[in-house]
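The block underneath contains the structure these notes are about, expressed in structure tokens.
There are 4 protein chains.
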Amino acid sequence: MIKEDNFITPIPTRWIGPIHIKGADGRLDQEVSVPLATYESPLWPSTARGAKISRLCSGINCTVIDDRMTRSVALRSKTAAEAHEAWQSIVARENELNDIVQSTSQYAKLVDLNHQIVGNLLYIRFEFTTGDASGHNMVTKAADALLSWILANYNQLEYSSISGNFCTDKKVSAVNGILGRGKYVIAEINIPRDICEKNLRTTPEKIVQLNIEKNLMGGIIAGSLRSANAHFANMLLAFYLATGQDAANIIEGSQGFVHCEVRGDALYFSVTLPNLIMGSVGNGKSIPNIEDILNKLGCLNHDVQSGDNARRLAIICAAVVLCGELSLMAAQTNPKELMRSHLLMERQENK
Amino acid sequence: MIKEDNFITPIPTRWIGPIHIKGADGRLDQEVSVPLATYESPLWPSTARGAKISRLCSGINCTVIDDRMTRSVALRSKTAAEAHEAWQSIVARENELNDIVQSTSQYAKLVDLNHQIVGNLLYIRFEFTTGDASGHNMVTKAADALLSWILANYNQLEYSSISGNFCTDKKVSAVNGILGRGKYVIAEINIPRDICEKNLRTTPEKIVQLNIEKNLMGGIIAGSLRSANAHFANMLLAFYLATGQDAANIIEGSQGFVHCEVRGDALYFSVTLPNLIMGSVGNGKSIPNIEDILNKLGCLNHDVQSGDNARRLAIICAAVVLCGELSLMAAQTNPKELMRSHLLMERQENK
Amino acid sequence: MIKEDNFITPIPTRWIGPIHIKGADGRLDQEVSVPLATYESPLWPSTARGAKISRLCSGINCTVIDDRMTRSVALRSKTAAEAHEAWQSIVARENELNDIVQSTSQYAKLVDLNHQIVGNLLYIRFEFTTGDASGHNMVTKAADALLSWILANYNQLEYSSISGNFCTDKKVSAVNGILGRGKYVIAEINIPRDICEKNLRTTPEKIVQLNIEKNLMGGIIAGSLRSANAHFANMLLAFYLATGQDAANIIEGSQGFVHCEVRGDALYFSVTLPNLIMGSVGNGKSIPNIEDILNKLGCLNHDVQSGDNARRLAIICAAVVLCGELSLMAAQTNPKELMRSHLLMERQENK
Amino acid sequence: MIKEDNFITPIPTRWIGPIHIKGADGRLDQEVSVPLATYESPLWPSTARGAKISRLCSGINCTVIDDRMTRSVALRSKTAAEAHEAWQSIVARENELNDIVQSTSQYAKLVDLNHQIVGNLLYIRFEFTTGDASGHNMVTKAADALLSWILANYNQLEYSSISGNFCTDKKVSAVNGILGRGKYVIAEINIPRDICEKNLRTTPEKIVQLNIEKNLMGGIIAGSLRSANAHFANMLLAFYLATGQDAANIIEGSQGFVHCEVRGDALYFSVTLPNLIMGSVGNGKSIPNIEDILNKLGCLNHDVQSGDNARRLAIICAAVVLCGELSLMAAQTNPKELMRSHLLMERQENK
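Protein sequence lines, in the order shown, are assigned to chains A, B, C and D.
Counted the way my numbering counts, the first sequence spans residues 156 to 506.
Counted the way my numbering counts, the second sequence spans residues 156 to 506.
Counted the way my numbering counts, the third sequence spans residues 156 to 506.
Counted the way my numbering counts, the fourth sequence spans residues 156 to 506.
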């Protein structure tokens, strides 16, 4: 079955849902089934339970706050003063830089740049929009061109690295959340008390308390960093794999927050995902299965603006994360339900 | 091609290597080919270049420093004093706790417990050995039994959560590295200058400088946390997927370090991975393809001690990470090589 | 007034309170006035308001969870395997190590040791009790002796540093909170609704909500690390200076948490301070003014066990922190009160 | 000696130096003696040794990279979409906001604003220049006015907190370093090998290696955050106290980096301090002693631009930090020197 040199790893996958998803701008109000690729079969019924809640509660509201992709370069000067002077000159030439960027791709556009100086080292973080691509290659290509231009124009700077880890790709950081990297999406839902009780076997108060004691305080004492959630990573991995994304980006993707409140007699529950690095085109997306899936998700639409397909994908992703997170948190408010359901599901799977 | 409810996501996979791997205890000295499942095709030739270096340099030395799996529970008391008193009593009864643990699984054993108290909240972190399983389910089952026992024996404590995020699973943290979670493995290699120059087109000095400026300082300014590397996440994801692991654990897995030095006329290069959560049995491992792969990797050996197969898998994983990390870092010391090789490989892939 | 070479910097100081403080063990139930040395005069009335609350609410309960002081050394080996082997041997000889420690001081005792290995580097973190001293010098002396012994007994190890930053002193870290450093103290109070409303012009619900939105979530998005509070640092600085402590230790001291709940018709409010590095003897304590102050605080008692005076000081410190934190948080729940009171106080001060 | 209600805490203080300091812009090239207020007497000879090196090596070069002060407010909306819409409107009215700011102070000016949205919560971080004041009160006053204006103009927003911890003041964070808070200063020196050997009893290579193994890697494994140094906090505390600064700001001030290199036959050594919150006017500066000191330091000059006096103070501070850091690091490269010199100095002090 295994060919020596070139084979496939088959990840078990199921369609879950549909999830009722609404876009903040009112253009989106749909039920969307979603594929989850995972070895951990309990994720399917768990996320499905959240999806059912979405249908019972007239939908999950999704808002895209920001969208950009980044690459940082590292440069070496003789002194901090030279590095500082070079930075001041470079940042003043943003238009020239953007011309260089646009010569490398019809989709890439420079939208901002930031920097840090440490002793004689200068780190420049370029921020781009990259259309419907997640943009890894596009920004590397752009950064490569920018770096060549900088080295040609600033004799006081020499090459340190095409990627200075101030980007930062697939690594824990604070910078990605603070300066932005990927799509910044928030998904929210309001769940009446009776649905909490009947369908999630919990209460708004219990969920809010669990969020404080586990996600917020538990995370803080664990020495977490810009992260307060139960298991964002599980849903991200499964949805990234099923849609052809580079799933190593769940590292930063999983650095997100649950915020919830008791509102009147309902639960307000939200997931905030500041760093969803996703695309509807690019590496992995032209595999036939993946293309079919992206098409079914409505993310290969030709009639929309550049970037809209990828943002739609990120919106769906955030809704998936909300479904899975809500379901597990509800389970964990019940001392006994979690393990029992976990075991039950596994047994079913293994039949 | 896509069945609605139950299908597979096919991740492109290749065998890479072989990698020359040596165990620190002298029992392992083999060439091992490794499977990498990824949508990012450049990872294959890049890791293969590292594998070639391993063969030219008489092997990568791997050392297992630690091996444990954890689960924390959260409990609520009325006061800090009551929580403190309860903790002191519980920790004094470790033998009783271990009896409970062993009644839940023949493989689980309690090896340590730690705690935190915040106001009236008590978080207890149980640490177990779990044989050849990564242990997610085993420790949840054990923690469930421990929690029931605690609640039955300590009236001053009430249930907060079966998982208090002080574990911590699939989330960024400092606690996993400091108290331990998963297999703690270090892989090291010594590369003579001529091999650096000929096969990696770099020098020992350039690699050491890049590690300081990018992985260490670049990571620090990005607000990284217990993490200093270029792209551990890529190799971890690909090897985890190909071997049936729960790849969401690359979140903590990717929090590791590169340390390197110029030694005489050679490069000493090491990767330290404190949190490899991997198993040779359990969820995902009984899929036929995966079983074949684990078998080929020598990780389904019946003649070894419990845990040895999983540790062998983690050792191989660390060697894979070293290969990919070394290769990318070498590429990044050359201003132009990275992008060019990246583009070349993609073009080849797309033929 | 300024002598060239040797003068004093006069920090304005006031006695505040008294604070009603109770020890968790029932041995302490006193009203204690506390000195605060600060250039920021609004801190006095603010903390005094908290002190008044303590008297109205039958006291602040204080619990000491832990007490230890640490120093880490860094060592260099050739390989991870050698470092690992050395560590395993060293940790097995804890009794010998403790004999060495006790030969350096009659107060120092080794209570635990931890380690990290990164490539070929071995970091050993020694944990001591140090009587009534904060212990900086005591543990350096002990670590110096331990290091000499290790270098003499383990030829495979060579010196890297007497302090490897895994201690860690006066620097932000997760390790101090997770493994322990200094006195770990929790202070708690229950405040009936009417006192909240009348004396703090707020409600239990408003304080709890502010804690979630500001200290927990606001801290998390700021990229904080094991820290969730409004201004612990202010009270720590003022009390440390007034009692002759090394106030640079407010770096780790300020990494603490507020946890609060609405309980029935009252507010439960707590501050958790895992890393109070304080002593009643040692550098700075023999200055006559300081000695008088320590005496007035009841921290130079000769009839108590070694360490009890320093722990009493840490308990008082935690109560001071609670007073100041509660007062500022109450003020911040009122949109207008904060700035107005701030300005008013300053004007009064400047009369 | 102690008056009950109003007295001073006398911090032992000495003038150290002079330090030879050069400004990057060439306007500063002076020898400046500096006051250090501390209970830890070994800090004086240690910093003095660094000062001597500065004189032997033709000076410490100081560069000011940035200068701003911040305050964040927290607001509550009903939904993320409303929060997002409000933010987009607010940020588009930066000129109006700046008018409000300037009406609150002749020195405050709004230079940038940033934000975060978590669920329905909106955090806005205002960034100001504040002339020669550190700016705590100025930015609170400005933020208070901005907040009132926002609440009056945006009905969908309600008050959460005048300070949302995304500022962040006197607390560990990544945001202060990444977005900027306080004066961002770098101090650098080049030390010929013979001076390293004769006056610091070390070598350039030893210092560089210690920086890697202790400050960088040791800090990383300790779970540090944007911090890589040995003891910045000690010098900051002593200089802040002696110059009337709010020393609780050493929390963020101490989050800085040492970067050093062997250059030819010399040591390049630098300290980077991104968050020096200092002023030459404001609270604490009108105490007569402090005023004398600021005058002696040349920081009460009337003939310079607004802000220049405070930046001069920050430059001197960075130079002091370099002196103390260099001296301790040199001592720690020698296994025996640290403890011996520490003990010797104490004994001298106690004579």
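In this text, a Cβ means the ideal position worked out from N, Cα and C, and glycines have one as well.
Quick one: residues in its chain with C-beta nearer than 6 Å to the C-beta of D/I163, no 5 flanking neighbours on either side, listed in chain order? none
Report the residues of the segment 375–387 of chain D with a CB closer than 9 Å to any CB of chain B, ordered along the chain. I375, I376, A377, G378, S379, L380, R381, S382 and A383
DSSP has C/R280 in a bridge; who is on the other side? C/S227 and C/N269
Pull up the CB-CB distance for A/G290 and A/F281, whole angstroms please, since I reckon it's below 8 Å. That belief does not hold up - the Cβ atoms of A/G290 and A/F281 are roughly 11 Å apart, past 8 Å.
Go to B/F321, then tell me how far its alpha helix (DSSP H) extends in each direction, as first and last residue. That residue, B/F321, is in no alpha helix (DSSP H); it is neither H nor E in DSSP.
Is C/S510 close to chain B, meaning its C-beta is less than 8 Å from at least one C-beta of that chain? The requested residue 510 of chain C does not occur in the structure, where chain C is confined to residues 156 to 506.
Between A/V327 and B/V327, what straight-line distance do the alpha-carbon atoms span, to the nearest angstrom? 7 Å
What is the C-beta distance between C/C472 and C/I174, in whole angstroms, given that I count them as a contact (C-beta under 8 Å)? Incorrect: roughly 11 Å between the Cβ atoms, too far for contact.
Which residue comes first and which comes last in the beta strand (DSSP E) that contains C/P510? Residue 510 of chain C lies beyond the stretch modelled for chain C, which goes from 156 to 506, so this question has no answer here.
Residues in the segment 404–430 of chain A with C-beta within 7 Å of chain C's C-beta atoms, listed in sequence order? F412 and H414
For a cutoff of 8 Å on Cβ pairs, would you count C/S315 as touching chain D? yes
Since I believe A/N404 is in contact with A/S435 (beta carbons under 8 Å), could you give me their beta-carbon distance rounded to a whole number of angstroms? About 15 Å separates the two Cβ atoms, so there is no contact after all.
Residues of the segment 223–240 of chain D whose Cβ lies closer than 8 Å to any Cβ of chain A, in chain order: T234, A235, A236 and H239
Rounded to a whole number of angstroms, what is the C-alpha to C-alpha distance between D/N292 and D/N331? 18 Å
Delimiting residues of the alpha helix (DSSP H) encompassing C/P443: P443 to K451
Taking the alpha-carbon positions, what's the D/S232 to D/V256 distance? 24 Å
For A/I220, go through chain D and note every residue whose CB falls closer than 8 Å to its CB, in chain order. A235, H239 and I272
Would a check of beta-carbon distances place C/I157 closer than 8 Å to chain A? Note on C/I157: pLDDT 40, under 50, position unreliable in the model; no value is reported.
What does the alpha-carbon distance come out to for the pair B/S318 and C/Q364? 24 Å
Return the CA-CA distance between B/H347 and B/G214, expressed in angstroms with no decimal places. Looking at the sequence itself, residue 347 of chain B is Pro, so the reference to His does not match. Rounded to the nearest angstrom, the two C-alpha atoms are 12 Å apart.
Would you say A/Q460 faces chain D, with C-beta separation under 8 Å as the test? no
Of all Cβ atoms in chain B, is any one closer than 8 Å to the Cβ of D/S244? no
How is D/Q257 classed by DSSP in three states: helix, strand or coil? helix
If we define contact as Cβ-Cβ less than 8 Å, is B/I166 a contact residue for chain C? no
Taking 8 Å as the CB-CB limit, is A/M372 close to chain C? yes
For B/V189, does the three-state DSSP call read helix, strand or coil? strand
Relative to the alpha-carbon of B/S201, which residue among B/G437, B/C322 and B/M390 has its alpha-carbon at the smallest distance? B/M390
What in chain A is Cβ-close to C/A329, meaning under 9 Å? A377 and G378
Leaving aside the five residues before and after C/V294 along the sequence, list all residues of the same chain whose C-beta is less than 6 Å from its C-beta, in chain order. M224, R226 and F283
Where DSSP assigns a beta bridge to A/N216, which residues make up the other side? A/K177 and A/E343
Whole-angstrom distance between D/Y262 and A/L198, CA atom to CA atom: 57 Å
Segment limits, alpha helix (DSSP H) that includes B/A486: D463 to Q487
Are the C-beta of D/I362 and some C-beta of chain B separated by less than 8 Å? no
With DSSP as the reference, identify every bridge partner of C/C454, one or two as the case may be. Partner(s): none; C/C454 has no beta bridge.
Any Cβ of chain B within less than 8 Å of the Cβ of A/T259? no
D/E251: buried (16+ other C-beta within 10 angstroms of its C-beta) or exposed? exposed
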